[in-house]
Amino acid sequence: MDYFNLLQLKREPFSNAPDPDLFFPSFAHHDCMQKVELAVRLRRGLNVVVGDVGTGKTTLCRTLIRRLAEDKKIHSHLFLDPAFSSPGEFLSALLFAFTGTAQDARSDENMLKERVKNFLFLACAENEEIHLVILDEGQKLPGFALEILRELLNYETNEHKLLQIVIFAQPELEQVMEARENFKDRVNLFYRLGPLSFRETVGFIRFRITRASDGRAAVSFTPLALWRIYRLSRGYPRKIIHLCHQVLLALIIQNKTRVTSGLVNVSAHRTTREVLVRRPPAAPLVAGILVGFVLIAGGLFLLPQGRADKETVSFTAVEPSGNSQQETTPAQETAVSATASLTVDPTPETGPAPTSPLVVEETAPVLSEKTAPVLEAVTVELPRKVKRPRLSKIMVIKPQAEKPADGVPAVISATDRPDDGALPGDGSAE
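full-length UniProt numbering puts the first residue of the sequence shown at 1, with every later residue one more than the last.
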């Protein structure tokens with residue numbers, strides 16, 4: 001194919017099939033392979049390997065089968081989808097794998113277990129064979145299948161277990177095992193696979209290209225391109241394979257042999273539809289964070305203070321003792337008991353407060369023609385919850401038995417009073 005000839009490749013380097021020839025022995029994968037293989041050869045019983053999706057469990061499984069196949073005494077039986085519907089179906093599948101003879105899944109469960117037991121004693125105890133059951137996608141195992149496996153692990157001689165089991169599963173199996181303590185206690189090896197590091201990712205890519213070209217490939221990756229592949233794939237082998245395959249296709253289309261970070265970004269965007277966002281400059285980002293912090297802090301400081309500064313002060317005028325026997329009308333009684341409400345707006349503290357009085361407005365009722373009140377200014381110092389003190393002048397109405405006035409303004413301000421004490425509109429002040 002032109003695809004291989006242009007890049008001087010003999011085969012597909014980033015195939016998504018679990019090919020043992022392309023198995024990359026990273027530290028974790030190589031360590032896991034050695035421990036599982038040793039446990040099987042020593043007939044230790046149950047071994048569990050867990051890892052997230054795309055960590056290379058299936059490729060590790062196929063590589064293990066190939067290695068063990070070199071030993072004629074080891075017989076491996078692989079179950080790709082162990083989602084069995086009944087105990088009879090699971091036992092029938094085991095007997096078919098062991099003997100090659102189809103079994104009726106509707107047979108009695110105890111009879112099927114007895115057949116499995118007899119086969120294991122004959123093949124593994126007398127003939128010294130090793131029968132290995134490998135369960136891929138082990139998180140799909142139903143509860144009754146785990147119980148059957150636990151019972152089969154009880155079949156043993158004085159030296160070793162008769163049945164060897166290796167389960168490759170996603171982390172969901174851990175929760176199932178936690179709920180089954182008797183099954184968890186029989187686990188000989190529990191290994192957890194994780195993603196590759198950056199150095200292992202670089203080695204993974206170079207290893208596959210070298211295997212596919214016998215070391216003569218014309219493809220080269222820049223350091224930034226390798227770093228970008230690692231960041232986008234997060235070190236998961238499946239994602240690395242998928243992304244690198246798209247990168248090679250882009251090289252073919254553009255008739256290039258050098259992979260850059262820009263080409264990696266374009267390939268990732270086209271395949272996964274990810275929005276590759278560039279990192280914003282540091283200075284505007286820090287400035288924006290500081291401005292937001294100041295605005296939030298200012299709002300939190302002013303909001304509680306504004307609520308605490310609102311006060312309502314009520315004053316009731318006291319009638320002078322000299323006029324205590326004078327009759328008053330209901331309108332005068334309303335004026336005497338007039339209440340003034342004061343609301344203070346919060347202001348930030350910047351220095352000493354001014355001593356100018358506040359202007360307080362009152363709405364007085366209409367007075368009768370018999371009595372005309374004389375207004376006097378009374379200065380009252382109000383207790384405040386804010387730090388800056390402020391003086392306010394409140395008008396108090398005191399009725400006296402003097403000549404009535406024809407009209408009094410409905411709204412009276414303390415600052416509107418003339419210096420000689422005359423009322424606004426009084427003819428004597430002119």
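By construction, the Cβ of each residue, glycine as well, lies at the ideal position given by its N, Cα and C atoms.
Return the bridge partner residues of PHE168 from the DSSP annotation.
Reading the sequence shown from its first residue, position 168 is the one you call residue 168. Paired residue(s): VAL49.
According to DSSP, is TYR155 helix, strand or coil?
Here residue 155 is taken as the residue at index 155 of the sequence shown, counted from 1. Correct three-state label for TYR155: coil.
Could you tell me which uninterrupted alpha helix (DSSP H) segments, each at least 4 residues in length, are contained entirely in the stretch 183-253, listed from first to last along the chain?
198-213, 223-233
Rounded to the nearest angstrom, what separates THR63 and PRO18 at their Cα positions?
Mapped onto the sequence shown, residue 63 falls at position 63. Mapped onto the sequence shown, residue 18 falls at position 18. So the alpha carbons of these two residues sit roughly 9 angstroms apart.
Where are the beta strand (DSSP E) runs, 3 residues long or more, that stay fully inside the stretch 86-158, in chain order?
130-135
Is it the case that the Cβ atoms of LEU46 and ILE165 are separated by a distance below 8 angstroms?
Within the sequence shown, numbered from 1, the residue matching residue 46 stands at position 46. Within the sequence shown, numbered from 1, the residue matching residue 165 stands at position 165. Going by C-beta atoms, LEU46 is nearer than 8 angstroms to ILE165.
Reduced DSSP category for HIS75 - H, G, I as helix; E, B as strand; rest coil
For this step, residue 75 is matched to residue 75 along the sequence shown. The answer is strand: DSSP assigns HIS75 an E or B state.
Leaving out five residues on either side along the sequence, give the residues of the same chain with a beta carbon under 7 angstroms from the beta carbon of ASN118.
Here residue 118 refers to the residue found at position 118 of the sequence shown. Cβ within range, chain order: n/a, list empty.
Spatially closest choice to PHE98 from ALA125, LEU80, HIS131, by CA coordinates
As a working note, residue 98 is residue 98 in the sequence shown. Cα-wise, what sits closest to PHE98 is HIS131.
Count the other C-beta atoms from every protein chain shown that fall within 10 angstroms of the C-beta of PHE90, then say buried if there are 16 or more, exposed otherwise.
On the sequence shown, residue 90 is found 90 positions in, with the first residue counted as 1. Buried, because 16 or more other Cβ atoms sit within 10 Å of the Cβ of PHE90.
So, is LEU7 buried or exposed, given that buried needs 16 or more other C-beta atoms within 10 angstroms?
If you number the sequence shown from 1, residue 7 lands on position 7. When all chains shown are included, LEU7 counts as buried.
Could you check what DSSP says for LYS256 in three-state terms: helix, strand or coil?
In the sequence shown, the residue the question calls residue 256 occupies position 256. Correct three-state label for LYS256: coil.
LEU78: which of LYS113, ILE167, ALA218, GLY292 sits nearest, CA to CA?
Position 78 of the sequence shown, counted from the first residue, corresponds to residue 78. Of LYS113, ILE167, ALA218, GLY292, the residue nearest in Cα terms is ILE167.
Where LEU163 falls: helix, strand or coil (DSSP)
For the purposes of this step, residue 163 is taken as residue 163 along the sequence shown, with counting starting at 1. Three-state DSSP puts LEU163 in a strand.
So, under 8 angstroms CB-CB, VAL50 and GLU174 are touching, yes? Tell me the CB distance rounded to an integer number of Å.
If you number the sequence shown from 1, residue 50 lands on position 50. If you number the sequence shown from 1, residue 174 lands on position 174. 6 angstroms between Cβ atoms; contact.
Beta-carbon within less than 7 angstroms of ASN182's beta-carbon, same chain only, minus the 5 sequence neighbours each way: which residues are those?
Within the sequence shown, numbered from 1, the residue matching residue 182 stands at position 182. Excluding positions up to five away in sequence, the list reads ARG150.
Simplified DSSP assignment, three categories, for THR55:
Here residue 55 refers to the residue found at position 55 when the sequence shown is read from its first residue. Reduced to three states, the DSSP call for THR55 is coil.
Nearest CA to the CA of ALA123: which residue from GLU156, ARG199, MET111, GLU137?
In the sequence shown, residue 123 corresponds to position 123, counting from 1. Considering only alpha carbons, the answer is GLU156.
Per-residue DSSP class, three states only, for GLU70:
Translated into the one-based positions of the sequence shown, residue 70 becomes position 70. Coil.
Considering only the alpha carbon of each residue, which of VAL259, LEU22, ALA145, PRO223 lies closest to SER86?
Within the sequence shown, numbered from 1, the residue matching residue 86 stands at position 86. Checking every option, the nearest Cα to that of SER86 belongs to ALA145.
Return the CA-CA distance between ALA93 and ALA69, expressed in angstroms with no decimal places.
The residue given as residue 93 occupies position 93 in the sequence shown. The residue given as residue 69 occupies position 69 in the sequence shown. In a straight line, the C-alpha of ALA93 is about 21 angstroms away from that of ALA69.
Candidates ARG270, GLU109, ARG67, LEU120, of which the one nearest PRO20 by Cα
Against the sequence shown, residue 20 aligns to sequence position 20. The residue with the shortest Cα to Cα distance from PRO20 is ARG67.
Taking 8 angstroms as the threshold (C-beta atoms), are SER76 and ILE148 in contact?
Position 148 of the sequence shown, counting from 1, holds the residue named residue 148. Position 76 of the sequence shown, counting from 1, holds the residue named residue 76. Not in contact: ILE148 and SER76 (Cβ atoms no closer than 8 angstroms).
Which value, in whole angstroms, describes the spacing of the CA atoms of HIS269 and THR260?
Sequence index remark: in the sequence shown, residue 269 carries index 269 (1-based). Sequence index remark: in the sequence shown, residue 260 carries index 260 (1-based). Each residue's Cα considered, the two are about 14 angstroms apart.
Alpha-carbon spacing of ILE253 relative to VAL247, whole angstroms:
Within the sequence shown, numbered from 1, the residue matching residue 253 stands at position 253. Within the sequence shown, numbered from 1, the residue matching residue 247 stands at position 247. Between ILE253 and VAL247, the C-alpha separation is close to 10 angstroms.
For the stretch 26-37 against the stretch 190-197, do three or more pairs of beta-carbon atoms, one drawn from each stretch, fall closer than 8 angstroms, so that the two count as touching?
yes
Look up ALA83 in the DSSP assignment and say whether it is helix, strand or coil.
Here residue 83 refers to the residue found at position 83 of the sequence shown. Reduced to three states, the DSSP call for ALA83 is coil.
Using the Cα positions of ARG180 and LEU196, report the straight-line distance between them to the nearest angstrom.
Within the sequence shown, numbered from 1, the residue matching residue 180 stands at position 180. Within the sequence shown, numbered from 1, the residue matching residue 196 stands at position 196. Approximately 31 angstroms between the Cα atoms of the pair.
On the criterion of 16 or more Cβ atoms from any shown chain inside 10 Å, does GLN103 qualify as buried, or is it exposed?
What you label residue 103 is simply residue 103 of the sequence shown in a count that begins at 1. Per the 10 Å Cβ criterion, buried.
In three-state terms, what does DSSP make of ASP21?
Here residue 21 refers to the residue found at position 21 of the sequence shown. Looking at ASP21 - three-state DSSP - the assignment turns out to be helix.
Please state if the CB of PHE24 and the CB of PHE198 are separated by a distance shorter than 8 angstroms.
Here residue 198 corresponds to residue number 198 of the sequence shown, with the count starting at 1. Here residue 24 corresponds to residue number 24 of the sequence shown, with the count starting at 1. No, these two residues do not count as a Cβ contact at 8 angstroms.
Three-state secondary structure assigned by DSSP to LEU42:
As a first step, residue 42 is located in the sequence shown; it is residue number 42 there, counting from the start. In this structure, LEU42 counts as coil in the three-state DSSP scheme.
Considering only the beta carbon of each residue, do PHE121 and LEU152 sit closer than 8 angstroms?
In the sequence shown, residue 121 corresponds to position 121, counting from 1. In the sequence shown, residue 152 corresponds to position 152, counting from 1. No, they are not a contact pair.
Three-way DSSP call (helix, strand, coil) for LEU9 in this model
As a working note, residue 9 is residue 9 in the sequence shown. Note: LEU9 maps to coil in three-state DSSP.
Residues in the same chain with beta-carbon distance under 6 angstroms from ALA83, minus the five sequence neighbours each way, listed in chain order, please.
As a working note, residue 83 is residue 83 in the sequence shown. Around ALA83: LYS140.
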